[in-house]
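For the sequence shown, the UniProt record's numbering begins at 1 and goes up steadily by one.
Idealized CB from N, CA, C, for every residue including glycine.
All figures in this text were calculated on a predicted structure; none of them were measured in a lab.
Reviewing the structure listed below.
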Amino acid sequence: MKTNKKKKILITVGLITLFLLIIGGIFINKVFNRVTNSPIISSSDRNDKWTKDIEFLKYHLPKKHKNLFFYKSKEEFNEEMDSLLKNISTYTDEEIKGELVRLIVSINDSHTRVGLVNNTIYPLKFFEFEEGIYLIDGSLEYKDYWGKKLIAINGYEVEEVKEMLKPYIAKDNNAIFKDEFSAALSNFNLLNFSGLADSEEITYTFANGDVDIKTISNEDVKDILLISDYNGTDTLPLSKQNKSDMYWFKYIEDKNIVYVKYNLCMNMDEYSFKDFTKDVFDVIDKNNPEKLIIDLRDNSGGNSMIFNSFLKAIKERNDINKEGKLYAIIGRSTFSSAILNAMDLKNGTNTTLVGEATGGKPNHFGEVKQIHLSNTNIDVYYSSNYFKTTSEEVDSIYPDKKLMLKASSFFKGKDDFIEAIINEGF
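Written out as structure tokens, the structure is:
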């Protein structure tokens, strides 16, 4: 009897342990497993591979996304996925990828996207100013076109190009579309999907003439000399200097202003953001500056909590936490966790927001996870959470002082946002 009783106890303990392991495993998987892989099939048939992966995505994306059908209906999504599945045998691989990009973009969540391997790019960088779209950097061999306005691509005027690329670009709001459109102008995949480029050579028309440009591989990008390398940092506006640093600051002595550039919500390996915060406020405490400028315009996100030490330091100093002394610059590339930091400054301090509307929304999807389509080697990123920072349903954070960046200033090394704050030219 005792032996049976012991067995029962051991079995019961074993079952409880197994149950806890299963529950714990499920919990750990949910919390830490950020990638879901589609099963690899044994068939080598191209159509079978695409079919299985698209079917997997059709089933799993709605289950894993925080709220996939907040904008596009379930019926629309399923109809378009079924249409894509039906046409797999007649579409080329590139056409399937293009349709998949278009379909996922139409969900209207900029965190949810198709991550295609972009092996080649056109070595150019564009930016949309008040006067139009200009070449701001690129391979040195195209330096004659630096500072020149873009007129057309392969004979299509810029407004036509915009309409052709629109289905393939996130458009949660006007700001993010403006940002991503400029980036798409050198993206071979997107130009190809939209019908703008049918080969790896393309003709860009600038205000001073045409130039035929070939793609280069991502491997070669790191080896090319850039126009900005040739021109030197002295020709760049202050905000575009030290681009490789996640954060940096400068004490502008003749103006008695502290300028902080916060490019990414992450800690640098050799210089933590907490140490950086201490250094910034040591300078502030020593010099009692007229203004503190925090520039978030190029910050695409990361971990919003990292900024807490900086926020706390501001709140502890009444002499700087005043209207007219504390400014934050926001813009089209302010996104994700940087949005949360901008909202913290807006709601928790006396910050005046200057610049453009943000690419990210105050209430937004995030905490990105991934579905890997194993048979076709495509990653689809999706939002697993939703962050609500305000009761207002607005599509962007809008600045208190709205300004436009001018090409005429930028190419003279001036920054309209910083100049306006220094001179109070609002």
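Which two residues bound the contiguous alpha helix (DSSP H) that contains residue i?
i    : result
T277 : 273-287
N78  : 74-86
R46  : 46-64
K162 : 158-165
N341 : 337-348
A152 : Taken as a continuous stretch (DSSP letters only), A152 belongs to no alpha helix (DSSP H), being part of the beta strand (DSSP E) at 150-153.
F410 : 407-410
How is the beta strand (DSSP E) around residue i delimited, first residue to last?
i    : result
W248 : 247-252
L311 : Here L311 belongs to no beta strand (DSSP E); instead the alpha helix (DSSP H) covers 308-315.
Y204 : 201-206
L373 : 364-373
L140 : That residue, L140, is in no beta strand (DSSP E); it is neither H nor E in DSSP.
K291 : 291-295
K261 : 257-262
Going by DSSP in three states, residue i sits in which element: helix, strand or coil?
i    : result
T389 : coil
D379 : strand
V105 : helix
V221 : helix
N29  : Caution is warranted here: a pLDDT of 41 is assigned to N29, below 50, making its placement in the model unreliable, and no coordinate value can be reported.
D400 : coil
S384 : strand
D416 : helix
D229 : helix
E128 : strand
T352 : strand
T120 : strand
G98  : helix
K171 : coil
L190 : helix
D319 : coil
T334 : coil
K214 : strand
I41  : coil
L238 : helix
N299 : coil
When the distance is taken between beta carbons, is residue j closer than 8 Å to residue i?
i    : j    : result
K369 : G348 : no
M164 : G132 : no
R332 : K171 : no
S383 : H60  : no
K64  : T36  : yes
L68  : L84  : no
N350 : E323 : yes
If I'm right that residue i touches residue j with Cβ under 8 Å, what's the distance once you round it to whole angstroms?
i           : j    : result
F249        : K261 : 7 Å
K143        : I216 : Actually they do not touch by this definition, with Cβ atoms about 16 Å apart.
K291        : Y327 : 6 Å
D416        : L405 : 5 Å
I151        : E157 : 7 Å
A197        : N154 : 7 Å
Y168        : V117 : Not confirmed; about 16 Å, so no contact.
I329        : D282 : Wrong, their Cβ atoms sit about 23 Å apart, outside the cutoff.
K274        : S304 : Not quite, the Cβ-Cβ distance comes to about 15 Å (not below 8 Å), so this is no contact.
Y259        : L238 : 7 Å
residue 434 : I257 : A question about residue 434 goes unanswered here, because the residues of the chain that appear run from 1 up to 426.
So is residue i in contact with chain D if we call contact Cβ pairs under 8 Å?
i   : result
M81 : Given the protein chain composition of this structure (a single chain), no chain D is represented.
Does the ligand GTP have a heavy atom nearer than 7 Å to the CB of residue i?
i    : result
P399 : You won't find the ligand GTP in this model; it holds no ligand whatsoever.
Worksheet item: Would you call the region 137-145 and the region 115-125 touching, i.e. three or more CB-CB distances under 8 Å?
Response: The answer is yes - the region 115-125 touches the region 137-145, with three or more Cβ pairs under 8 Å.
Practice prompt. Taking 8 Å as the threshold, find out whether the region 84-91 comes into contact with the region 344-363 through three or more Cβ pairs.
Written response: Between the region 84-91 and the region 344-363, the count of Cβ pairs shorter than 8 Å is below three; the stretches do not touch.
Worksheet item: Counting Cβ pairs, one atom from each stretch, are 3 or more of them under 8 Å apart for the region 365-379 and the region 47-65?
Response: The region 365-379 vs the region 47-65: in contact.
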